[in-house]
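For the protein sequence lines, the chains are V and S, in the order given.
Number 141 in our numbering belongs to position 141 of the first sequence; there are no gaps in the numbering.
To convert, count from 1 in the second sequence and add 1000; that's our numbering.
C-beta atoms are modelled at their ideal positions from N, C-alpha and C, and glycine is treated no differently.
Encoded as structure tokens, the structure appears first; notes follow it.
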Amino acid sequence: MSTKQFLKECVLFEGLNDSELEKIAASAVEKEYEAGSTMFSTGDAADELFVIEEGRVAVQMTLPKSSGQASRRITVDVVTKNEIAGWSAIVEPYKYTFTAVCLQKTNAMAINGNKLRSLLRDNPQIGYEVLRGLSRVIAAGLNDTRQVLISERLLSSQE
Amino acid sequence: MKRQNVRVLLASEFTGTRFFLRRVVESENKAVVVAEAENSMRAMNLARTLRPDVALIDSHLPYVVGIDNLPLSRVSGLDVAQSISVEIPNMHVVLLNSLSVAPADKAWNPGAGALLCQESKDTCVPFTLGELSDRAVSPGSLIFANVEPKEEIVPVRKASLSDKVLFAGILGVIAGWLMILTMFLATAGLFVLLGGATTALFGLVGKLSSKVFKQK
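Following this line, the structure appears as structure tokens:
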């Protein structure tokens, strides 16, 4: 499958036509990560946006150290095929707010953040479609989080 | 020196998966399951109190309870594995990734059994819990592993010199046989040619003689 076809299957880019997808594909490179490796860490400059081709990636938030205890990580999402990790690359202040750890061997399409931001700025049609896709991704994540929150509250109220 | 039993903690939400993992563990003579946990909170508590040698943790583990059709409620396997490996540095912590498709969905042959294998580059290297307990533990490190049916593991072996010689020999035998076959066919072809030429000659002589007799 070509990079263009692969990107078309990702919700972030599904609204783009062939020539627009080609422009995005020109800024993408394929990367491979071993199980247990870190794709990006909290606080790093968000230089790349990743579209997962194969594998599972845990998105973790680091909790600050409490008295006498080491810092802990909490998984807030698990990203799989055709989903995106590292959307901080197109959202200010362009710094990763989570850490991404590969649960298994992972192949991902890494899109250069700088080039992607320039492309979105210079081509409002592409910018509109990508941000429309991003809002869907964020809304779906928020919905899942709400469901977990509601379910856990219901369970704790039954105890 | 007599080897101690390897004490194992299992953590998976589902009773069937824990039963399956118990079978995998107990297929080793010197490995025993000392406790089972259905969520990450219980797994952490059991790891703290029992201090087993190895913790086998399903990556699809809920914090407290898994909620139907909500994958986000089953994402704490990695978190508890990281916490145990940091807090209890002399314990081997194995995070299992293939259990979402096994044993329920995957076509396992119940008689064939299964084994543990560690993800490494493009392959999965089989290991036993006994071998694992002999290795030094590096604090904070995790082993990312899968459970695979035994027949699916194909050992990767580099060809030795004798393998190469054997391969070259077999190639030679095949080439020689083809050459013999070609020579045999050439010899047979010669006889067919001679036979054909003789028959054609007889035919020609017959044709000429019939013309000569007709003229007379």
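If the criterion is Cβ atoms closer than 7 Å, does the pair residue i and residue j meet it?
i: serine 1138 of chain S; j: valine 1080 of chain S; result: no
i: glutamate 129 of chain V; j: glycine 15 of chain V; result: yes
i: histidine 1060 of chain S; j: arginine 1074 of chain S; result: yes
i: glutamine 60 of chain V; j: threonine 99 of chain V; result: yes
i: leucine 12 of chain V; j: glycine 133 of chain V; result: yes
i: glutamate 53 of chain V; j: asparagine 107 of chain V; result: yes
i: aspartate 1058 of chain S; j: leucine 1099 of chain S; result: yes
i: arginine 1018 of chain S; j: aspartate 1053 of chain S; result: no
i: aspartate 44 of chain V; j: leucine 1072 of chain S; result: no
i: tyrosine 96 of chain V; j: phenylalanine 40 of chain V; result: yes
i: alanine 1035 of chain S; j: alanine 1011 of chain S; result: no
How is the alpha helix (DSSP H) around residue i delimited, first residue to last?
i: isoleucine 1067 of chain S; result: First-last for isoleucine 1067 of chain S: undefined, no H or E at that position.
i: alanine 1043 of chain S; result: 1040-1050
i: aspartate 1079 of chain S; result: 1077-1087
i: leucine 950 of chain S; result: Residue 950 of chain S lies beyond the range of chain S shown here (1001 to 1216); nothing can be said about it.
i: alanine 25 of chain V; result: 18-25
i: phenylalanine 6 of chain V; result: 3-8
i: leucine 1129 of chain S; result: 1129-1134
Within 10 Å of its beta-carbon, does residue i have 16 or more other beta-carbons around it, so buried, or fewer, so exposed?
i: alanine 28 of chain V; result: buried
i: asparagine 1097 of chain S; result: buried
i: isoleucine 1174 of chain S; result: exposed
i: alanine 1217 of chain S; result: Outside the displayed range of chain S (1001 to 1216) lies residue 1217 of chain S, so it cannot be described from this structure.
i: lysine 1214 of chain S; result: exposed
i: aspartate 1105 of chain S; result: Note on aspartate 1105 of chain S: pLDDT 48, under 50, position unreliable in the model; the coordinate value appears next. Result: exposed.
i: alanine 1136 of chain S; result: exposed
i: methionine 1183 of chain S; result: exposed
How would you list, in chain order, the residues of chain S whose beta-carbon sits under 7 Å from the beta-carbon of residue i?
i: leucine 155 of chain V; result: Val1065
i: lysine 105 of chain V; result: Glu1119
Under 8 Å Cβ-Cβ, which residues of chain S neighbour residue i?
i: glutamine 147 of chain V; result: Ile1067, Leu1070, Leu1072
i: valine 101 of chain V; result: Leu1078
i: serine 151 of chain V; result: Ile1067, Leu1070, Ser1073
Just curious, the beta strand (DSSP E) that residue i is in, first and last residue?
i: glutamine 60 of chain V; result: 57-63
i: serine 1120 of chain S; result: 1114-1120
i: lysine 163 of chain V; result: The shown model of chain V, from 1 to 159, leaves out residue 163 of chain V, and the question about it has no answer.
i: alanine 46 of chain V; result: Neither: alanine 46 of chain V is in no beta strand (DSSP E) and is coded neither H nor E.
i: phenylalanine 40 of chain V; result: 38-40
i: valine 1024 of chain S; result: Segment 1015-1026 is the alpha helix (DSSP H) holding valine 1024 of chain S; no beta strand (DSSP E) there.
i: leucine 1142 of chain S; result: Looking at the DSSP string, leucine 1142 of chain S is not in any beta strand (DSSP E), and its letter there is neither H nor E.
i: glutamate 1036 of chain S; result: 1031-1037
In chain V, what lies closer than 7 Å to residue i by C-beta?
i: valine 1086 of chain S; result: Ala70
Can you list the residues of chain S that residue i reaches, using a CB-CB cut of under 9 Å?
i: glycine 36 of chain V; result: Leu1095, Glu1119, Ser1141, Leu1142, Ile1143, Phe1144
Less than 6 Å separating the Cβ of residue i from some heavy atom of the ligand SAM?
i: cysteine 102 of chain V; result: Although the ligand SAM was asked about, the structure shown includes no ligands whatsoever.
Using the beta-carbon of each residue, which ones in chain V are nearer than 9 Å to residue i?
i: aspartate 1217 of chain S; result: The structure shown does not extend to residue 1217 of chain S, since chain S is modelled only from 1001 to 1216, so the question has no answer here.
Just to make sure I have the definition right: I need the residues of chain V whose C-beta is within less than 8 Å of the C-beta of residue i. Which are they?
i: serine 1012 of chain S; result: Those within 8 Å of serine 1012 of chain S in chain V number zero; the least Cβ separation is about 15 Å.
Can you list, in chain order, the stretches of the alpha helix (DSSP H) that have 4 or more residues and sit fully within the segment 80-140 of chain V? 113-122
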